[in-house]
Each structure stands twice: as structure tokens, then as C-alpha cells.
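These notes concern the structure reproduced below.
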Amino acid sequence: MFNTGSNSTFFIIVFIILSHLICTIGQAKPRTTLLPPKLLELNLATKIRVDPQAINQASTDFGNINLALPIAVLYPTSVNDIALLMQASYSSSTPFKIAARGRSHSTHGQALVLNGIAIQMSSLNNGYVSRINVSTNPVPYYYADVGGEQLWVDVLHATYQHGLTPVSWTDYLYLTVGGTLSNAGISGQAFHHGPQISNVYELDVVTGKGEIVTCSQQVNQELFYAVLGGLGQFGIITRARIPLVQAPERARWLRLLYIDFSHFTRDQEYLISLKGEDGNGPTNGFNYVEGFLLTNESELNNWTSSTSSGKNHQRISSLLAQHGMIYCLELCKYYSHSSVDQDVDSLLKGLSFLPGYVFANDVSYTDFLERVHQNELKIPHPWLNLFIPKSRVLDFDRGVFKGILERNATSGRILIYPMNKHKWDERTSAVIPEEEIIYTVGVLQSATDEVDLKYLEDRNSKILNFCDEAGIQCKQYLSYIENNVGWKKHFGKKWNKFIERKMKFDPKKILSPAIRPSISTTREVIPNTTSLPPLPPELSGKIRVDPNSTNLASTDFGNITRAIPAAVLYPTSVNDIALLIQASYSSSTPFKIAARGRSHSTHGQALVLDGVVIQMSSLNSGGASRINVSTNPDPFYFADVGGEQLWIDVLQATLQHGLTPVSWTDYLDLTVGGTLSNAGISGQAFRHGPQISNVYELDVVTGTGKILTCSQQVNSELYYGVLGGLGQFGIITRARIALGQAPERARWLRLIYSDLLKFTKDQEFLISLKGEDMSRGSFDYVEGTLVNDANLTTFNFWASFFSKWQLGRISVLTAQNATFYCLEVVKYYKTSEASTVDQGVDSLLKQLSFLPGYVFPKDVTYTDFLYRVHQEEEELRAQGLWEIPHPWLNLFLPKSSIVEFDSGVFKSILKGNYETMGLILIYPMIKHKWDERTSAVVPEEEIFYAVGFLRFATNQADLKYLEDQNREILNFCNGAGIKYKLYLSYIENNAEWKKHLGEKWDSFYQRKMKFDPKEILSPGQNIFTP
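In mature numbering (1 follows the signal peptide of the UniProt record, and there is no 0), the protein residues as written are -28 to -1, 1 to 998.
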């Protein structure tokens, strides 16, 4: 959005931002000091991202077990971008690590990079030039030139349009070409055609030196063979020339059941021995041969729908109950002719499956290949993949399948099928056992919690230990090996060649650091839970430390700051929260705790580094309702509401009884506990006060772990402390909210002003009118916004209300004058009052000084008005403008300073044009509507203004610009002597907090020492940070 002036400026911006982030949350932040100065000179300014969203996405893999934070992510649009980045690292005296990220389908962090740069390979696919090009000329051969970032499923569709297809596949096609070729790429076709690395004519590779090299069996063959199966150690594959053949049309898909393992493996070995290179005749064999174990009902349910009718489920289930373990042989015959039945029958006659237990299905060729397509759950996948020599597969069955893998203890598919060694090219980097027939064993399991994960990883270790002790010369596939000694053993006779190639093509060990020969695991960057004291057994199963959970809890709405907790608690009761806090409070080394609602803070205030986050929404997963409405007006209407509940849900629950809370925030997808810990304001606050002025009673878990009920009459010190207390004294788990009779409709108007004095005079006039009974007096809602050319077109606030014609009229104004003001007012009413609402509104409008002809009315339901920001949120999400940095600044300004602020900020610092990039609110409130006894602080004058700079940044240059501008605004206020207060405060140290809280500091500190003396709660506010 901005012209940053130079690329050097951009990277200086990056440096400043990340240096700031380091200060914010400590060592969990990536450090740009690892980047060489030469990188500042590259033309990659708009393609490198360091925002938390980009870092988060690149910090985990499919396994969801390991976590490694890169310092930045490159989104290349050309192969040259990758080469430039690599050259910058290679030419530096302190090279930074680089990892190419495709689908990141590794399981133990192999695709990650700690404190280096991840390359988001899919970004190459965003250009205008096609990255899949199919040659349909059979001379010398059919082939497809395919970008390394392309998915195999897209290669299938692109080639099939020409009646062609690759011959070797993986079972799951939503993997990248470069990713599978860096490993091997195997499935049930490998016995016939070899792995995918045996089916490549040519490659383009960016080496660890930054050279772009084309290689093949004839040209640069050392690099060609090194990269294939090379685990990303020698270069990044950016193009592969894949051989193609004529594509079949259909697939006859069969599953056969066995109870005898020797019969099962004998039949598999027989089928892969049949010759059929020409693809014709009954002796050709099947095109696909795999197998898997059935050990429980869950696995049975996962497969019977694909090749077996439901009526057979009971038969197979009974067989499973009788034998405990069944072996399933999975076969497929591709065809485009009518003789397939005869061919299949001939082949089946020679097999020893259980009579009557063959299940067939006929599908299209593409449907068979895409059979594994499914949504990937973001849970841990501690997979183990092994290559077992044929001579030891019976021993493996006895020791592992019938030993370590206990019945009903599996949680995923266990594959077993044979391949032929001579189909693998020995010159590649891939390693397999020495025997001609080798078995693939894939233990493809998943874990739903930490207990499961620990169990399954221990079981994997037992399997590997069994192989070692039994002398089974297995090799790992998609290897997770932790040290150099293990890698030497793994590579065996290929080790020296592997090291020679590394020194030749990546001598500074830049590439794929998680699997470099001098290996170091990324596990070390996961927060260490050993820093936590023993937690109560009642919390077992509710505490999670997996990367998915800690990652989700490491950022907030601001997307500027990141702090990784050690663990996340998913409570099912308030007592769970109390137990956690008690465990910390009673420890000699208390750990920090932060309650997480919607995490709508903007600078990490809701985060906690190396502590425990409480996912409050988990309280809502129980059976008991957490919103209870009292419809008895004696003594008053109220709703008892869980602190984790969203205000939108409170609205819907109370409206069912014709009731409603009276004070709102503009955005209702926030939690009750969250807004009450701040204040909770919007255009109703002038009349009813903030949300913290509309609470009768609270339940709070204090920083000592006590569960207390408090109100103005009972435990009043805690009650007033918690309201607006920024989470410092306790966690709100229930609030009794004041209700009133609900209106049905809302007359919603926006009025345009060109003069600030008239704009603020009218706002102050409207909030001074009496109308507590909602039947007379002023509007029920009074807000205002700044209007200029930029935010008319870049923020949905306008487009969701105005018609295109109305926006056109306003645009004519803003083109003539840089800054206008929009007064937004609403009158609530019941349908029965429709005849009088027009009269009331007209009477009020006659007293205002807006620009003639620039009043825009709209009539909506009460709920549609209150939930209006949700529509804007959906639009912004659709545009990719929601989960991006939000450097918001919210101020409370005394009325006497608003003109000076307008002159110095709106008409000077903001320069009235494109720099706003978002919504800027400005509206007045009344001080006597705020209870002085709460922790919230406001200016001293009776009328003060809320000014909110609700802006967003689409890139790091914008973020730096806006944060600098925020500081410039605060510096202006300080220099002008404007006695402002920050709202939703981001204050970095204790001295500034003392200044902010002013005369309330002493009572604030005393309350902290009383209710959270060990300073456990909400450390992200930095209130007690020196």
C-alpha cells in the first residue's frame, strides 16, 4: 500500500519490528540479527513476511509434534527469488538456515527451520505462467514439466486432460512434486514402476550456493542423483520432468482378507513377481498391490464403505472378534477394455485369501488415485515408516503386529506391502535394505491428547528397539533420526557419498537444517513443561502441550506480538481453573497464567510466555447452560452469564425473553469476562455507562485460587478491582448482567459534517439530552467517525451501509476537502411506535448542523444493528484483511483538548489521505456514568472523547509506518499537554503504568498484593514489569 522508498528501508523496518517483538516476549521471538546485512540489498522487500500469522503457519508440520519458529517466510514469485535468498545466505559470514516448505507433510519437524527462513513454495504458483506443461509428442517420449511446488493431484488432472498419466504415485496426492522427490514417493505401484524418484527425466534445482542448475542422468548427474531422495540437503527442486504414459479409464479395486500372515505375504510376493510391462494379458498382474492390518472396529468402520457394502460389516466384525487381527490385501487393476473380469478372475484363482472374503468395487482411474483425499486434522501424527527385509518380515509380524501392537491399541492405519529393490536406482540418495524384496511398514497413527502422544511415541521406540535387538536390518522412511551417529547408521555405505555431495552442493549446510547430517532436533524449541510444578491429577487430559494448542494460544487479534505458552488448559469447570491457579500459587516457582477468551488484545496483552493459557471457551463445552435469564422484575431483570460467553450469545438468549443488556461493545463476538476486564464501550455508554457499570455480581477465581462471589455489597474490594482490572486480580467466571426491556427496531442514521466544531457540538448536545426511559429525549446510540477518500474505499464500514450512489456523493466531498466527519446515531423503538419514531427523529435532526442533504437513514432490526460489525468482519475475512496485523490505538481525550487534537492529528499527522487504512472513531462519553471505584481510568473532565484508530497493515512496511504514526500521535499529545488516557492499553513498563493509573495506582497495587500477591495473572499487560 505504501511506497517504502527502497528495499533497504524495508529490511530496516523488519529489523526494528522484530527487535521490538523480542523485547515484548523474550527468547521465543525470532531474531533478525541472524540475517546478514547483504540481505537488506535484495529485491525481495514485498515477498518476505515476518508477521506472526506467516511465522505461525511455517512453524509446524503435519505431525503437529514439533515446533520451530523461522525468523521470516519468503513468498517467491519466481525461481530467481529463491536463488537470491540462497545466495545471500551463502555469501554471508554467518549464513542463515533455509527450508523449502511445500505441504509440510513431515511428522517430526523435518520440514521446519528454527531462526532461519522458510520458503513458501506454493507462492510460485501465483504467477501468470503455467507451472504444469504437458508434452503430448511421443518422440522421444511423453512427459510433463512440473513446478516443484505443484501438487500431484494437479499433475494428475493436467495430464489426464491429454489422456496421459504419470505411472508412479503416492497414496495421498495432496503433496508437492518437490517434496515427494526429495524423499522417494511410494505406494502400491512402486513394485512395478519403482518409486517416483525412479520416474524422473530431468530436474531444475537451486543448490545451497544459490546456483540454478538443470540436471539429469546425462547432465550434472551427480546433483541429479543426490537430490532424488536427498531429503532437501543438496538443493531445492523447482522443476521436474515426469514421464507419462497413456492413461487408463477405469480401476477394478479389490480387498481380500487373510488371517494367516504367511499366506498374506506369499500372495503379495507372488503378485509383484508377475511380468506385465506391456500392460496386456491376464498374466500381467495387478497394477497396484498394498496391504494393511485390521485390528479394531474403528479401522473396520473406516474402510468398509469404500469397497464393501454395509451388509458385510457384521461378517468382518465377527471375524475380527474371533481372530483379533486380520490382514487385508488391497489390489487394483487399471483397464480400458472389456476383458478385465476375466483377467481379475484368473489372478484371484492363485491366491489364498479367506473364501468368501473378497470385496470388489469399480471406479474411475482418477477416483481411485484420489481416494485418500480428506481433511487433515490438526492433531499429532507420530507416524513411523520402515523398510523391512523380506527375510525378517515374519519375525516382525510376531514381535510387532502380534506383540507390541496390542489389540484395540492402534489409532490409525498400519500398512504393509512389498516392493522390488531393482526398481530403485542405487545412485540416488535414498536408502533401502539390501534384499531384493523389501516391505514397507507404515504405522500411520494419530493422537488426540498428550497421553495418547506419549503412549504412541513410546510404542514407536519399542518397535525400533525390537528391530535392533532382533537384528532386523530395517531402514526408516521419512526418517526422524536425532543425531549424527544415527544418520551414519541409516545411510550405511552411502554415508561418505552423502557427505561428499553435501560439501559440494551445500558446503555451508544452509538447507533443510532439521535433517542435516549433523542433526539437531527442533523439539528443543517447544516450551519445556518441566518448568511447571506437578499439576493436580484432576487436570489430567485437560492440559495440552502439543504445538497445535500452544501455537493457537500464542497470538492475539493484533497479530503483532507472539508468546508461546508452555501449556494450555481446557477447563470443563470453574474448579479446574481454581486448581490450576492453586498449583501455581502453592509452588516455590509460580508459573504465569492468562485467561484466553477471544484474545482481542492487539499487542500481546492476553498472552503468556512459558506459562499456561486457560482456553475459557472450553467451559462452554459442558452440558449445563452457562447463560441463565431471570425474567422476574423483582428486584430486577438480569442474566447470569459465564465469563467465557460471547456477547452475541447473551443477546440471543435474552431476546428470547424480550429482554436485553443495555450497554454494548460495537463488536459482539467478544467474551463477557474479556470486556468486563477492560470496560466495554460503544455509542450507548453516554447513557448507560460502560459495561462495567451494568453488572450486579461476579464470580471470580483470584490469583490465590479462591473462588469468590463479589458485588457492591459482598467482597466489594474484589468486585471493583476486577471491573476494568485488566485481569490482574482474578478471572471472571460469571457475571450478573443488568437487563432492560428489548426494543424491536432501530432507526439508524449517518450524517456528514465538514466542520469539527459543529460535529462535536452536536454530539455533546445529543448526549446531554435526558431520555432514560427510551421514549423521549435523545438518540440511544451516538458515535462518530473520520471520513476521507481512503477509508471510504478501503473499509467495509461504509460500503455495508451506503449505496454506491450515496458513496459517490460523499466521495465528491472528500475529494474537495481532505477530512470530513460522520455522526452516527440510532433510535431504538418497538414496532408499535413506528408512527411516532419519524416525528421524534425529525425533531432531533432539526437541531443539528450537519451538511444539508447529507443525512442517510436506514431502518433495521435491533439485532441486525447490534450485530452489524459481524458482516464487516466476514467481508474483511473474505478479503484476507482480518488475520493481519492490527496496530490499534485507543485514547480517551478530555473535551477541552478535542479541537487541538483535531488540528494536530486529524489535519496534520494523518494528512487526511490514504494513511488512515481503517476506521477512526470519535465520540463523547460522560464521566459520571463511570464508577470511580472500579479499576478503569478516564480523564478528569465530565465529557471526554473516545478516539479509536482501528487500522490494519497488509505488510511489514505498513505496520512500521502505522506504529510510528501511533507514537507520533502520543508524542503530540504529550508535547501539547493533553491529559489523555489509553484504553485497551499497551504500556511497556511499570513507570508508564504508574503514570497511566495516576491517583489509582496505590489502590491498584494494594489490590494486586491482596488478590494476586505472587503476580501470577495476566503478565502480558506488563504492569509489574520493571
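Just so you know, even glycine gets a beta-carbon here, dropped at the ideal spot from N, CA and C.
The alpha-carbon separation between K460 and I360 amounts to approximately 18 Å. Counting along the chain, the unbroken alpha helix (DSSP H) around A806 starts and ends at 806 to 817. Here L723 is near C794, since their CB atoms are less than 8 Å apart. Of the candidates A55, V217, L84, A55 places its Cα closest to the Cα of K181. Counting the other Cβ atoms within 10 Å of the Cβ of Y113 gives fewer than 16, which makes it exposed. Buried is the label assigned to S665, since at least 16 other Cβ atoms lie within 10 Å of its Cβ. Residues of the same chain with a CB within less than 8 Å of the CB of H394, apart from the 5 flanking positions on each side, are E408 in chain order.
If you compare the alpha carbons of E510, L128, A40, K476 with that of L216, the shortest gap goes to L128. With a cut-off of 8 Å on Cβ pairs, the region 181 to 201 is not in contact with the region 426 to 436, counting fewer than three such pairs.
Looking at the backbone, the Cα of E855 and that of H309 are separated by about 52 Å. Under the three-state reduction of DSSP output, R717 falls in the strand class.
If you draw a straight line from the Cα of L934 to the Cα of I941, it is about 10 Å long.
Between A71 and G201, the beta carbon gap of about 17 Å keeps them out of contact (Cβ cut-off 8 Å). The beta carbon of G812 is closer than 7 Å to those of K799 in its chain, skipping five residues each way along the sequence. In this structure, the CA atom of Q218 is about 22 Å from the CA atom of L175.
Listed in chain order, the non-local C-beta contacts of K966 below 7 Å within the same chain comprise W973, local neighbours out to five positions each way being set aside. The alpha-carbon separation between Y801 and P859 amounts to approximately 37 Å. In the three-state reduction of the DSSP assignment, W973 falls in the helix class, which pools H, G and I. For A535, there is no enclosing alpha helix (DSSP H), as DSSP gives it neither H nor E. Looking at the DSSP output, C945 bridges to nothing. The beta-carbon distance between L631 and T603, rounded to whole angstroms, is 7 Å. This is short enough to meet the 8 Å contact definition. Looking at the backbone, the Cα of I27 and that of G160 are separated by about 36 Å. Counting of Cβ neighbours within 10 angstroms places D317 among the exposed residues, the total staying below 16. For E194, the enclosing alpha helix (DSSP H) covers residues 193 to 199.
For V118, the secondary structure class from DSSP, reduced to helix, strand or coil, is strand. Listed in chain order, the non-local C-beta contacts of E669 below 6 Å within the same chain comprise S683, R708, local neighbours out to five positions each way being set aside. With fewer than 16 neighbouring CB atoms inside 10 Å of its own CB, A806 falls in the exposed class. Ranked by Cα distance from T412, the options E912, G74, E262 are led by E262. Contact between the region 329 to 345 and the region 218 to 228 is present: 3 or more CB-CB pairs across the two stretches fall below 8 Å. Within the same chain, and ignoring the five residues on either side of I404 in sequence, the residues whose Cβ sits closer than 7 Å to its Cβ are F359, K393, W396, I410, K447. Counting C-beta pairs with one atom in each stretch, the region 228 to 235 and the region 430 to 441 have fewer than three that are closer than 8 Å, which means they do not touch. Bounds of the beta strand (DSSP E) holding D176 are 174 to 179. Judged by DSSP secondary structure, S602 falls within the beta strand (DSSP E) whose first and last residues are 599 to 602. One thing to note: Y557 has its Cβ within 8 Å of the Cβ of I988. By the CB criterion at 8 Å, Q819 and F737 fall inside the cutoff. Secondary structure of V694 (DSSP, three-state): helix.
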